[in-house]
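Asks: Before I ask anything, here is the structure I am working with.
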Amino acid sequence: MLDTGHKLEKLELIDINGQSFDIANYKGKKLAIYFWASW
Amino acid sequence: MPGWQSLAQKAAEKNIELINVSLDFQGPEKVIPYLDEYGVKIKTFIDVDNSSGLLFGFKVVPNLLIFDEDLTLKFKCIANINILKNEHKLSVENWIDTGDLESLNNINSKPANIPAIESVNVLREGNKILETGQGDAKQLLKNMVTDDPENFIFRKQYWAINNPEKFYSGKIDTDWQRKKLENNED
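Here the protein sequences line up with chains S and Y, keeping their order.
Under this note's numbering, the first sequence has 69 at position 27, and the numbering climbs by one with no breaks.
Under this note's numbering, the second sequence has 196 at position 98, and the numbering climbs by one with no breaks.
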């Protein structure tokens with residue numbers, strides 16, 4: 043499990059077009075992620 | 099969601115990225131109508147196999163994670179974060195303005211709760227079932243709820259796939275969900 047103080051190396055998700063995207067591509071910016079659901 | 103949206107503009111001015119991740123096994127088809135209805139313009143990604151739940155240790159949503167420029171995780175709040183609550187919104191705004199996480203750290207996170215490692219592979223099988231139409235995605239989700247009854251990410255998605263009218267026909271029927279929980283129904 044990734045906890046505070048540790049680096050995110052990779053997290054593969056998909057965008058709304060169904061294309062794969064690795065959240066690690068946001069390296070270089072501060073990043074805030076809000077996890078939610080449409081249900 | 100609208101609360102998060104309003105913070106994104108402020109964050110962009112500070113070169114900070116605010117993104118959404120929707121946990122939805124059924125993919126973009128279920129997420130896009132919600133984004134359209136609420137006019138959500140922030141970059142949104144979809145987790146179709148609960149990789150993020152496994153990686154960060156959560157079985158519920160909503161959650162908020164904050165990373166530094168080198169992707170070091172600086173803040174994790176599991177559940178108990180409500181961006182519509184003024185106090186929480188102000189804390190996020192304060193972080194955007196100053197980089198200070200102190201007021202966010204005053205929000206009580208639920209403890210981390212890691213789903214079973216194999217759950218990601220099971221959900222990937224489910225993604226294939228949905229794609230090919232071959233197999234029983236409902237039974238797959240039912241089995242996951244049986245194996246991990248405290249996992250509300252699995253439970254709610256099981257409810258949603260079996261009762262789409264309670265989730266995808268306008269307002270989500272939260273009374274119906276509450277009764278299911280009170281009656282201890284799957």
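Positions of the beta carbon are idealized from the N, C-alpha and C atoms, including for glycine.
Keep in mind the model is a prediction, meaning the values are calculated, not measured.
To which residues does DSSP link N118(Y) through a beta bridge?
Replies: Y76(S), T142(Y)
Asks: Using only CA atoms, which one of C175(Y), P209(Y), V220(Y) lies nearest to E200(Y)?
Replies: E200(Y) has its Cα closest to that of C175(Y), out of C175(Y), P209(Y), V220(Y).
Asks: Checking contacts by CB at 8 Å: is N45(S) closer than that to chain Y?
Replies: Per the sequence presented here, residue 45(S) reads as Asp, with Asn not at that position. Closer than 8 Å: yes.
Asks: Tell me, please, whether the CB atom of E115(Y) is closer than 8 Å to any CB atom in chain S?
Replies: yes
Asks: Starting from L162(Y), follow the beta strand (DSSP E) in both directions and report where the run begins and ends.
Replies: 161-165
Asks: For G268(Y), would you say it is in contact with chain S, using Cβ-to-Cβ distances shorter than 8 Å as the test?
Replies: It does not: the Cβ of G268(Y) has no partner Cβ on chain S nearer than 8 Å.
Asks: Alpha carbons only, please: which of F173(Y), L116(Y), L121(Y) is nearest the one belonging to K49(S)?
Replies: F173(Y)
Asks: Could you check how far apart the C-beta atoms of I140(Y) and P160(Y) are, in whole angstroms? I think they sit under 8 Å.
Replies: Rounded, the Cβ-Cβ distance is 14 Å, inconsistent with contact.
Asks: Going by C-alpha to C-alpha distance, which of S120(Y), V190(Y), H186(Y), E229(Y) sits closest to K108(Y)?
Replies: V190(Y)
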